[in-house]
Structure formats: C-alpha cells, structure tokens
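Participant: Per the numbering used here, the sequence shown runs over residues 43 to 302.
Ideal Cβ placement from N, Cα and C applies to all residues, glycine included.
Given the structure is predicted, the values throughout are model-derived calculations rather than measurements.
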Amino acid sequence: MDLSPTIWISSISHLENYGEIVNSASFREKFVYNYNLPSDFPRIKNVPSLYFSRGEVNIKKGNLIYTAFMEKNNSNGYYNLQDDLSFTLNHSNIKSIKHYHFKNAFGRSNRHWIRIICKEDIIGGDFLICADSVHNTENLFKILNQIKESQEVTLSLTNDTAETFVLIGYVGIVLCYIPIVIKIFSKTYYLLFGNPIPTVPGVLLFLVAISGCAGVVLTVYFLIWYFVKGSNEKVNYHMRYIWYGCVVGILIWNMLNWYS
43 MDLSPTIWIS SISHLENYGE IVNSASFREK FVYNYNLPSD FPRIKNVPSL
93 YFSRGEVNIK KGNLIYTAFM EKNNSNGYYN LQDDLSFTLN HSNIKSIKHY
143 HFKNAFGRSN RHWIRIICKE DIIGGDFLIC ADSVHNTENL FKILNQIKES
193 QEVTLSLTND TAETFVLIGY VGIVLCYIPI VIKIFSKTYY LLFGNPIPTV
243 PGVLLFLVAI SGCAGVVLTV YFLIWYFVKG SNEKVNYHMR YIWYGCVVGI
293 LIWNMLNWYS
C-alpha cells in the first residue's frame, strides 16, 4: 500500500492564471465544478488545477530528485499536466528557499507553497513546490533547507505509520458491521419463520457487542489520526471509503431500529 506524499509543482504565473479563471467563473461553474477552461490549461476533469505537474521525490546523497507521475491515459481525470518533468535539486543549484502563500482565489484554494529560486535550467529558475498536506510541506521545506546548507537530511516525507492507521480504519469498519449483519440475519429469520432466532449463547452475544465497540474505537482512532496529521492525497482515497462505510453503517443501523 503506497501512501507516500504526492508532490505538486507550480509557479507564481500559473497560480495567477488559475486565480483569474476561478474569480471570473460564474457561480454555476463553481457550484457544479464545471469550468470553461482554455484547452491547454492543466485541469482535473473540468476543474482548473493549482499545479502543472504532480509526482514524487526521493532523497539520495544530498539530492532531492523529483519525478512526475505518468498521466497520459487520463484515467484519473488529469489533463495537460507535465508528466515528463523531472529535475534534481542540491546545494549547488539552489539559490534561495522561501514560504509562499497563495491567496488570490477563493478560500478552498489557499495553500502554502515553497518558492525555490535556482539555476535557470530547472523550470526557468523560479518555481513553486509543495506536498499534499501542510504537515508534509513543512517537512519538505526543512529538507530543502538542509540540502541547501549541505547538511545531512534528517527528515523524511514518508509516514511509516500511515499504512498501519489506514489498516486500523478498515478493520474498525469491518468490526462495526458485525453487529449490523447479526441484526439483519435476526430480522430476516423472523420474517421467514415468524419466530425469533433460538436462544443464542451469551458468550456469542458478548463477543458481538465487543466487536462493535472495538470497531467504533478503532474507527474513531483512525479519524483522529487522519484529521491531526494523516491527511494526504493517497490517504484521502482510503478515507473516502472508510467515511462512506461509517455513513452507510449508521443509516442501516437506524433503519433496522426504526423497523423494530
């Protein structure tokens, strides 16, 4: 399960163009996420993209190596991204590193970036980079400064606990559904035979109750981790399914109680 952070590449001029597109869009375009975009503007489905490339970085021997994801098949709705972009940053080609905060578009687009001034053969010598969460972007800023100062890189963008916490979230959802499945089986049995299920051993009922409680605890534990520091583009994908599982489970449980 690859949950490493996704890196975004942009520029001040690209963000300014993005801001113009968003701010000139009608309320309907913003509401339905269907913008009238220039044919060559980077976009995600029909929404303008804050970045013109997305990929991953590796740290090797004092070098930060960026490699773009291949998006040519557009299977995820990405269009016009620079999927052949790659570069290497080290202490010899980085001139300055600064925080840059984009505020020109509506609130949900505000994002902290890192502005890098470097040799001109790397994206014109002036570009923006960030990770897919504020926490990872701050770590990336510190890593870049360590590289610029020829220091040993002591930080990592890889969250070694992410896979464990996502697994906890899925296990929590599965455990939460055990009491729901038992209740559905009980009601189905009653509808078919007109009688409740024969006496169930108390130990089994206790285990079912424990599984439900454990599922709730694990799911809440995952959600706390996610909102505190676990959010990134890849974790968000799993979060969506875990969240859907929570909502559907609550709806089914309430419906079963309503029909009792």
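Between the alpha carbons of residue 255 and residue 88, how many angstroms are there, rounded?
Facilitator: Within the sequence shown, numbered from 1, the residue matching residue 255 stands at position 213. Within the sequence shown, numbered from 1, the residue matching residue 88 stands at position 46. Each residue's Cα considered, the two are about 42 Å apart.
Participant: Measure the beta-carbon distance from residue 108 to residue 159 and round it to whole angstroms, keeping in mind my assumption that it falls under 8 Å.
Facilitator: If you number the sequence shown from 1, residue 108 lands on position 66. If you number the sequence shown from 1, residue 159 lands on position 117. Contact flag wrong, Cβ pair sits at about 16 Å.
Participant: Could you say which of 54, 277, 298 and 231 lies nearest to residue 154 if we only look at CA atoms?
Facilitator: The residue given as residue 154 occupies position 112 in the sequence shown. Measuring from the Cα of residue 154, the nearest candidate turns out to be 54.
Participant: Do you know offhand how far residue 137's Cα is from residue 78's?
Facilitator: The residue labelled residue 137 in the question sits at position 95 within the sequence shown. The residue labelled residue 78 in the question sits at position 36 within the sequence shown. When rounded, the distance between both Cα atoms is 38 Å.
Participant: In three-state DSSP terms, what is residue 46?
Facilitator: Taking the first residue of the sequence shown as position 1, residue 46 is located at position 4. Shown here, residue 46 sits in coil according to DSSP, grouped into three states, outside any helix or strand.
Participant: Label residue 279 either buried or exposed according to how many other C-beta atoms from any shown protein chain fall within 10 Å of its C-beta, with 16 as the threshold for buried.
Facilitator: Numbered from its first residue, the sequence shown carries residue 279 at position 237. Its Cβ having fewer than 16 others within 10 Å, residue 279 is exposed.
Participant: So, with DSSP's three-state summary, where would you put residue 57?
Facilitator: Position 15 of the sequence shown, counted from the start, is the residue given in the question as residue 57. Reduced to three states, the DSSP call for residue 57 is helix.
Participant: Within its chain, find whatever has a CB closer than 6 Å to the CB of residue 185; leave out the 5 residues flanking it on each side and keep chain order.
Facilitator: Residue 185 sits at position 143 when you count from the first residue of the sequence shown. Around residue 185: 195 and 197.
Participant: Where residue 179 and residue 143 are concerned, what is the direct C-alpha to C-alpha distance, given to the nearest angstrom?
Facilitator: Taking the sequence shown and counting its residues from 1, one reaches residue 179 at position 137. Taking the sequence shown and counting its residues from 1, one reaches residue 143 at position 101. One C-alpha to the other measures close to 12 Å.
Participant: Do you know offhand how far residue 150's Cα is from residue 92's?
Facilitator: Position 108 of the sequence shown, counted from the start, is the residue given in the question as residue 150. Position 50 of the sequence shown, counted from the start, is the residue given in the question as residue 92. Confidence in residue 150 is poor, its pLDDT being 49 and thus under 50, which makes the residue's placement too unreliable to answer from.
Participant: Tell me the rounded alpha-carbon separation between residue 86 and residue 190.
Facilitator: As a position in the sequence shown, residue 86 is number 44, starting the count at 1. As a position in the sequence shown, residue 190 is number 148, starting the count at 1. Using only the alpha carbons, I get a separation of about 33 Å.
Participant: Nearest to residue 275 by CA position, among 162, 128, 204 and 122, is which residue?
Facilitator: The residue labelled residue 275 in the question sits at position 233 within the sequence shown. Closest option to residue 275, Cα to Cα, is 204.
Participant: I believe residue 253 touches residue 217 by the beta-carbon criterion, under 8 Å. Please report the beta-carbon distance rounded to the nearest angstrom.
Facilitator: Residue mapping note: residue 253 aligns to position 211 of the sequence shown, counting from 1. Residue mapping note: residue 217 aligns to position 175 of the sequence shown, counting from 1. About 5 Å; that satisfies the 8 Å criterion.
Participant: Please report the distance separating the alpha-carbon of residue 157 from that of residue 187.
Facilitator: Position 115 of the sequence shown holds residue 157. Position 145 of the sequence shown holds residue 187. Distance between the alpha carbons of residue 157 and residue 187 is about 12 Å.
Participant: Which runs of the alpha helix (DSSP H) fall wholly inside the segment 112-198 and span at least 4 residues, in chain order?
Facilitator: 176-190
Participant: Would you mind working out which of 57, 181, 168 and 66 sits nearest residue 101, comparing C-alpha positions?
Facilitator: What you label residue 101 is simply residue 59 of the sequence shown in a count that begins at 1. Here the closest residue by C-alpha is 181.
Participant: Tell me which same chain residues have a C-beta within less than 6 Å of the C-beta of residue 105, skipping the five on either side of it?
Facilitator: Here residue 105 corresponds to residue number 63 of the sequence shown, with the count starting at 1. Within the same chain, residue 105 has close Cβ partners 130 and 132.
Participant: So, under 8 Å CB-CB, residue 51 and residue 95 are touching, yes? Tell me the CB distance rounded to an integer number of Å.
Facilitator: As a working note, residue 51 is residue 9 in the sequence shown. As a working note, residue 95 is residue 53 in the sequence shown. Rounded to whole angstroms, the Cβ separation of residue 51 and residue 95 is 4 Å, and the two are in contact under 8 Å.
Participant: Using the Cα positions of residue 268 and residue 284, report the straight-line distance between them to the nearest angstrom.
Facilitator: Residue 268 sits at position 226 when you count from the first residue of the sequence shown. Residue 284 sits at position 242 when you count from the first residue of the sequence shown. For residue 268 and residue 284, the distance between alpha carbons rounds to 11 Å.
Participant: According to DSSP, is residue 27 part of a helix, a strand, or is it coil?
Facilitator: Because the chain is modelled from 43 through 302, residue 27 falls outside the range shown and cannot be assessed.
Participant: Is residue 286 helix, strand or coil when you go by DSSP?
Facilitator: Taking the sequence shown and counting its residues from 1, the one referred to as residue 286 is at position 244. Note: residue 286 maps to helix in three-state DSSP.
Participant: For residue 222 and residue 295, which I take to be in contact (beta-carbon distance under 8 Å), what is that distance rounded to the nearest angstrom?
Facilitator: On the sequence shown, residue 222 is found 180 positions in, with the first residue counted as 1. On the sequence shown, residue 295 is found 253 positions in, with the first residue counted as 1. Correct: roughly 6 Å between the Cβ atoms.
Participant: How many angstroms separate the CA atom of residue 135 from the CA atom of residue 120?
Facilitator: Your numbering for residue 135 matches position 93 in the sequence shown. Your numbering for residue 120 matches position 78 in the sequence shown. So the alpha carbons of these two residues sit roughly 30 Å apart.
Participant: Just how far apart, CA to CA, sit residue 230 and residue 299?
Facilitator: Here residue 230 corresponds to residue number 188 of the sequence shown, with the count starting at 1. Here residue 299 corresponds to residue number 257 of the sequence shown, with the count starting at 1. Between residue 230 and residue 299, the C-alpha separation is close to 14 Å.
Participant: Could you give the distance in angstroms between the alpha-carbon of residue 74 and the alpha-carbon of residue 84?
Facilitator: Stepping through the sequence shown from its first residue, residue 74 is reached at position 32. Stepping through the sequence shown from its first residue, residue 84 is reached at position 42. Distance between the alpha carbons of residue 74 and residue 84 is about 18 Å.
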